[in-house]
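Line by line, the protein sequences give chains A and D.
Its first residue numbered 593, the first sequence is counted upward by one per residue in the numbering used here.
Its first residue numbered 25, the second sequence is counted upward by one per residue in the numbering used here.
Even for Gly, the Cβ is constructed at its ideal location relative to N, Cα and C.
Since the model is a prediction, treat every value here as computed from it, not as a measurement.
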Amino acid sequence: MWSYIESIAIPVAALLLSLVIFSVFILFSGANAIDVLEAIFRGAFGSWFSWQNTLVRAAPLMLTAICTALPARIGLIVIGGEGAMVAGGLAAAMIGIALNGLPPLLVISSMVLTGSLIGGLWIAAVGAFKHYRNVNETISSLLLNYIAIAVLNFLVLGILRDPASLNKPSSYPIGDANMIGNIGDTSIHGGLIFGVVTCLILWFVMRRTTFGFAVDMIGGNRRAAQLSGLAVGKLVIVTCFIAGAAAGLAGMIEIAAVQGRANTSLNAGYGYAGILVAFLARHNPLAIIPVALLLGGIRASSGLLQRNFDLPDATTLVLQGIIFIVILASEAFYGKLNWFKPKVVTA
Amino acid sequence: MTSISPYVLEAVNISKRFGELQALANVTLKLRAGSFHALLGENGAGKSTLVKCIMGYYQPDEGDVLFGDRQQAITNPNEAMLLGIGMVYQHFTLIPNMSVAENIILSRPRLPAIINWKQEMTQLREKMQAMPFQIPLKAPITSLAAGEKQKVEIIKQLLLDTKVLILDEPTSVLTPTEADEVLGQIRAMTRSQNLSVLIITHKFREVMNFADEVTVLRKGQYVGSAKVSDVTPPILAEMMVGREVISTPLQREPTAAQQPVLTITNLHVNDDSGVPALSGLSLSINTGEIVGIAGVSGNGQRELVQVLAGQRERMDGTITVHDHDYNATRAQMRQHKFHCLPEEPLRNACVASMSVADNLAFRRFDRPPFARNNGLLDRKAIRSRAKELIDRFNIKTPGPSNPIGNLSGGNVQRAVLARELADPVDVLVVANPCFGLDFGAVADIHQQIMAARNRGAAVLLISEDLDEILELSDRLLVISNGKLVYETTPAQAELATIGKYMAGH
Ligand SMILES: Nc1ncnc2c1ncn2[C@@H]1O[C@H](COP(=O)(O)OP(=O)(O)OP(=O)(O)O)[C@@H](O)[C@H]1O
Ligand SMILES: [Mg+2]
């Protein structure tokens, strides 16, 4: 019971503290902090229009958050969501371009499979390096991000480049017929369903299956897992694969639901923001859904801040960064909060 | 207020509750200046909780701690340390990746902003000369065996300016000789210097030989205090459990035709720093046989258990069980009914943050009835099985869903024992199984190990307690420097010869 209260109270307190620090930052840039916070709220959740904006941004965040949350459950700090998203998205785009003309259902399914497969292999490699060569997973996943982005640029500026794309070099399009449509007559694309369903499934898997149990055993104490004969290496790699597949799926959605072609929008920072979502959600796939909404909302409000307050585009990134640091620091308080547990001092 | 009290430290009417569980109810303990005071009680009686309340690690719900001019509970361990109360906890608190010297220096409650390591090291080396035992200061903690770590914990406290030293089961991991040496030195310090000692122990021998006074707790209640000269072990045992204690001797039954079950050939294993820990160890254990390995801690015992438990890779050599290669996979463990009770169970065999029920399910969670064949967990079945084991093995816990890390030391040990011994066993590897158990539980576990043997299990018993090995084993081996150097049977064993081989001569 106590740990339950704690797991809500600490992140909420951390969020409030972040807002306070952010307000100080806003004051220094010469705007009224209250107005800015109010605008962020309006831009995120103030109207149906802003809700749609928020939901569209939350969808990839849910998937990239999984890329950090699952490995964290097995004891690895992976920050390679950005790279897996780029790799998955790029692979999906290439398949889409190659198969363009075939029945859309076939093309879209091939893109989903390819995107998840490549994203999955991308992070599975991180797990394998860690297990067999003891390469630090945080560093290797970070470096793989740069590799993925470099490959993307190489291809999009090279053989994949559509000569018609002038301002923003892009690949050839995958074709309108192969796009994932919107939900009803909203501007929310089908990717949201992928995100929510993936989180729900993984929540169930972690809670109710022997696989989730084994992952928590390894993450909790590798020695105890070994003593029970668990195949630690295999489980680490499989977990990393699932994590990467989720991020790869996010890349595929960015291609098939938003851009229609591969370009640098694939590395717009969803992968890094996903790390923040995962930590805020304490690596619980169910909690990732609301946290992704919150972060999606902050990102959605960015345009409004720029227009109304003349604040730089990066302002919401600053807020994200502050939240990230405060959340990481707040980890230290778990299990230590006994100020308001009963205490008797008789003098 | 300043009337002179014969007591340095008084814990008065302490009560502490964890959720539903009343861990301490109105307990009083008075520590006389310059005395060596023992605190006794069964596993889960509340001994650790009481001393943690004194140290300010827990806040008592009620009651005061009187120390020096202070009239109220201490609010945190750092404050206690600054007041001159030092404690060695039941679980190790050393930082594994740092060296012995770094751990000792960093444990000081007040550290300068910049540490002059050179000067500190020189001072430390000097002070170490006066210490009752020596530890290589540069060695990383990970490379030390349990006994050596415990010595570091004690030295750490002795080097601070400690007036009251609280020891929570300091000798559990020491050999009797080491324990006598350590306790002898500490007792000498209570006589010659301004030191008072409160020691939690399960060993009557230590109470009788070293303590001046004793306080007994039972199920969170204060039972009584006495001068050690006025009591005997049977009286203490009765105070602890609340009734007269009758012990049943171990029944060693003759076993049928013996066949080798576990065979180790030419095993080579390195320790954490890559130095050979086992060099060419071979042994074979038959059905219905307990083979005991005696030795001074740090001679390769830990690495041997880790290899058998699948926690460490071997460099060379073969391990076979029932003539099949054995690599500690889950399938092989299940097929050969291979079970293991490593030392320091919380660190080596449990996930502290997971519940007691989950920890009890580690061996079988992926099998019916705990998992349906498609891999879905049945949490209800796990819980009800846990309840059954908690009853059968007498594990004291607030409930099956309590994190196992909150259990008392002895009860963690019991939980692991329950998990490993509840099912039929063909091979059992046991390391220091009675570390931290009360006398009732020790007898219980010895009975269980003997019963497993009588049912035909091959048992490898690795222990730093020679008495335990002599009592349980059919065959006794001595390990020294990663090799088995001597073999005998308990009946023919001569202590002097064993001691000579243990010392590596
Ligand atoms: N943090 C905690 N939360 C919940 N219960 C706890 C906690 N700490 C201790 N307990 C419970 O309080 C009781 C007393 O525990 P304590 O550790 O004081 O026993 P002990 O006398 O030191 O036993 P042992 O000889 O096994 O070390 C036990 O039943 C234990 O499960
Ligand atoms: Mg204890």
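- DSSP, reduced to helix, strand and coil, places cysteine 77 of chain D within a helical segment of the structure shown.
- If the five residues before and after proline 278 of chain D are omitted, its C-beta is found closer than 6 Å to no C-beta atom of its own chain.
- Per DSSP, reduced to three states, the secondary structure at valine 727 of chain A is coil, with no helix or strand assignment.
- Identification of residues in the stretch 751-766 of chain A having a C-beta nearer than 9 Å to some C-beta of chain D yields an empty set.
- Taking 3 residues as the shortest admissible run, the stretch 313-342 of chain D contains the following complete beta strand (DSSP E) segments, listed from N- to C-terminal end: 313-318.
- Residues of chain A whose Cβ lies closer than 8 Å to the Cβ of glutamine 335 of chain D are, in chain order, Arg815, Gln818, Leu819.
- Around the beta carbon of lysine 76 of chain D, a 10 Å sphere encloses 16 or more other beta carbons of the protein chains shown; the residue is thus reported as buried.
- The beta-carbon of threonine 289 of chain D is placed no less than 8 Å from the nearest beta-carbon of chain A.
- Closest by C-alpha distance to glycine 836 of chain A, out of A/Gly693, A/Thr660, A/Trp640, A/Arg874, is A/Thr660.
- Taking a contact as a CB-CB distance under 8 Å, the pair methionine 703 of chain A and glycine 693 of chain A does not count as one, their CB atoms being some 14 Å apart.
- Beta-bridge pairing by DSSP links histidine 226 of chain D to no other residue.
- Proximity of chain D to threonine 801 of chain A at the Cβ level (cut-off 9 Å) is accounted for by Ala395, Asn398, Gly399, Leu400, Leu401, in chain order.
- Contact annotation: the stretch 284-297 of chain D touches the stretch 330-343 of chain D, with at least three C-beta pairs closer than 8 Å.
- According to DSSP, glycine 248 of chain D shares a beta bridge with D/Val240.
- Close to glycine 812 of chain A, with beta-carbon spacing below 8 Å, are these residues of chain D in chain order: Val375, Ala376, Ser377, Met378.
- The shortest C-alpha to C-alpha distance from arginine 276 of chain D to any of D/Gln471, D/Asn67, D/Ala442, D/Lys142 is the one to D/Gln471.
- Contact of phenylalanine 833 of chain A with chain D is not assigned, every C-beta pair being separated by 8 Å or more.
- Contacts with chain A at 8 Å (Cβ-Cβ) include aspartate 390 of chain D.
- Glutamine 96 of chain D carries a coil assignment under DSSP once its states are collapsed to helix, strand and coil.
- DSSP places aspartate 382 of chain D inside the alpha helix (DSSP H), whose first and last residues are 380-384.
- About 7 Å separates the beta carbon of leucine 484 of chain D from that of valine 454 of chain D, a gap short enough to meet the 8 Å contact definition.
- For alanine 352 of chain D, the chain A residues whose Cβ falls inside 8 Å of its Cβ are Gln818, Gly821, in order along the chain.
- Per DSSP, reduced to three states, the secondary structure at cysteine 364 of chain D is strand.
- Proline 755 of chain A and valine 850 of chain A have their alpha carbons spaced roughly 20 Å apart.
- Among the residues of chain A, none has a CB under 7 Å from the CB of cysteine 77 of chain D; the nearest is roughly 12 Å distant.
- A residue is called buried once 16 or more other Cβ atoms fall within 10 Å of its Cβ, and valine 299 of chain D, having fewer, is exposed.
- According to DSSP, histidine 348 of chain D shares a beta bridge with D/Val345.
- Think of a sphere of 7 Å around the beta carbon of methionine 232 of chain D: no beta carbon from chain A falls inside it, the nearest being about 37 Å out.
- Scanning its chain for C-beta atoms nearer than 7 Å, with the 5 sequence neighbours on each side dropped, one finds around tyrosine 764 of chain A the residues Ile689, Leu752, Asp754, Arg853, in chain order.
- In the three-state reduction of the DSSP assignment, proline 427 of chain D falls in the strand class.
- Going by C-alpha positions, aspartate 808 of chain A is about 39 Å away from arginine 634 of chain A.
- Between threonine 214 of chain D and phenylalanine 60 of chain D a beta carbon distance of about 5 Å is seen, short of the 8 Å cut, so the two are scored as contacting.
- Residue burial is scored here from C-beta neighbours: glycine 861 of chain A has fewer than 16 other C-beta atoms within 10 angstroms and is therefore classed as exposed.
- The three-state secondary structure of aspartate 462 of chain D, taken from DSSP, is coil.
- For aspartate 192 of chain D, the uninterrupted beta strand (DSSP E) segment begins and ends at 188-192.
- Residue-level contact check: methionine 152 of chain D does not touch chain A, since none of the beta carbons of chain A fall below 8 Å from its beta carbon.
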